[in-house]
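See structure below.
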Amino acid sequence: MDWRWKHVLPRPEITLDMIVVCGGQDDENYSDRRILHFLRSAKRHDALVGGVSTGSFLLAKAGLLGGCRCTTHWDYIDSFRERFPDLDICSDVFAMERGVFTCGGGIAAMDVMLEIIRQKRDLDFANSVAENFVYGGARRHDSSQRMSLCMRLGVSHPTLLKAVSLMEMNSEVPLRLPVVAKRLNVSQRQLERLFEAHLQCTPAQYYLRLRLSKAESLLRHSALAVYDIAVACGFGSATNFSRAYRLRFGCAPSAARYRVAKDGRL
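Using this note's numbering, the letters of the sequence shown correspond one by one to residues 3 to 268.
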């Protein structure tokens, strides 16, 4: 974020209809008490306050998201949850409650804009704006930010998709493969054949990659200690985590964290 304008912020008593914090890559660690005070003052003066992408982090630091359903860009969701465990964080396209909105960024900013227009005018007017922007139509607030698993994986087998979904929902405390198979009402061998046929790997290999991808994201987007990241991604010890991470990414987690810090992201 470029905060050169922070010295010319409007005075709190100036009436503002809306304040939007537009975040981007690596802005999740920004904090300035004057900005936080300004956001709180704007909210007290009934301005609609919003966060786009990592702008949600600043709203959370300002204390504006308590008791509200909120979101951020999908690549920062894990970091957002680890940093603010008491918030009601979702992976929806956008969330809007109690005069505060957050959205995932990108095209999601269009969706939340159209929802604001719909609330202030009506659906027909919002649709007219969407058409003028050559936009197919606003998504519901609870639409998922990410592509469907079917699109991401390039497969459509329902049992395989359910298995991957279970793994994604249980990365901190990984499920044993027999448990996954039982929940899907298939044999373990059948599940193994599905992964091998469609994803060219075993279920255990896929599960490990998924957890390591989450770890890599947390190393980039959070200040959590390496041990805490290991625990959050289902590893019983920092040693096991470091070994698996090195095999996957070619360097130790501490080295990856050092590169991120050197680039000024943390």
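For every residue, glycine included, the Cβ atom is placed at its ideal position computed from N, Cα and C. Remember, predicted model here, so these are calculated numbers, not experimental data.
Outcome for residue i when other beta-carbon atoms lying within 10 angstroms are tallied against a minimum of 16
i: Arg-185; result: exposed
i: Ala-232; result: buried
i: Ser-43; result: buried
i: Cys-235; result: buried
i: Met-153; result: exposed
i: Leu-125; result: exposed
i: Arg-6; result: Bear in mind that the predicted position of Arg-6 carries a pLDDT of just 47, short of 50, making it too unreliable to give a figure here.
i: Phe-243; result: buried
i: Asp-113; result: buried
i: Met-115; result: buried
i: Pro-205; result: buried
i: Val-23; result: buried
i: Asp-80; result: buried
i: Ser-58; result: buried
i: Phe-82; result: buried
For residue i, the first and last residue of its enclosing alpha helix (DSSP H)
i: Cys-152; result: 151-155
i: Val-22; result: No alpha helix (DSSP H) holds Val-22; the beta strand (DSSP E) holding it covers 20-24.
i: Val-181; result: 179-185
i: Thr-241; result: 240-251
i: Glu-218; result: 205-223
i: Val-166; result: 160-171
i: Leu-61; result: 57-63
i: His-75; result: That residue, His-75, is in no alpha helix (DSSP H); it is neither H nor E in DSSP.
i: Glu-198; result: 190-201
i: Asp-230; result: 228-234
i: Ala-44; result: 35-46
For residue i, the three-state DSSP class (helix, strand or coil)
i: Ala-97; result: strand
i: Arg-145; result: Checking the displayed sequence, the identity of residue 145 turns out to be Ser instead of Arg. Coil.
i: Asp-126; result: helix
i: Asp-80; result: helix
i: Phe-86; result: coil
i: Arg-259; result: helix
i: Ile-109; result: coil
Residue range of the unbroken beta strand (DSSP E) whose run includes residue i
i: Gly-53; result: 50-54
i: Thr-104; result: 102-105
Cβ-Cβ separation, residue j to residue i (assumed contact under 8 Å), whole Å
i: Val-51; j: Ile-91; result: Their Cβ separation, rounded to whole angstroms, is 17 Å, which puts Val-51 and Ile-91 out of contact at 8 Å.
i: Lys-45; j: Gly-101; result: 7 Å
i: Ala-111; j: Cys-72; result: That pair is no contact at about 15 Å.
i: Thr-104; j: Thr-56; result: With a Cβ gap of about 10 Å, Thr-104 and Thr-56 do not count as contacting.
i: Leu-168; j: Leu-177; result: 6 Å
i: Val-131; j: Ile-119; result: 6 Å
i: Ser-146; j: Ser-93; result: 6 Å
i: Leu-193; j: Leu-179; result: 7 Å
i: Val-136; j: Thr-161; result: Between Thr-161 and Val-136 the Cβ distance is about 39 Å, and since that is not below 8 Å, they are no contact.
i: Tyr-229; j: Ala-240; result: 5 Å
Proximity of residue i and residue j at Cβ, strictly below 9 Å
i: Asp-88; j: Gly-107; result: no
i: Arg-142; j: Val-175; result: no
i: Arg-85; j: Ser-256; result: no
i: Asp-77; j: Ser-219; result: yes
i: Gly-25; j: Gly-53; result: yes
i: Ala-183; j: Arg-222; result: no
i: Glu-99; j: Cys-70; result: yes
i: Leu-212; j: Glu-170; result: yes
i: Val-157; j: Tyr-208; result: no
i: Thr-17; j: His-39; result: no
i: Ser-33; j: Leu-60; result: yes
Min CB distance residue i to chain D below 9 Å
i: Asp-77; result: Note that chain D does not occur in the displayed structure, where there is just one protein chain.
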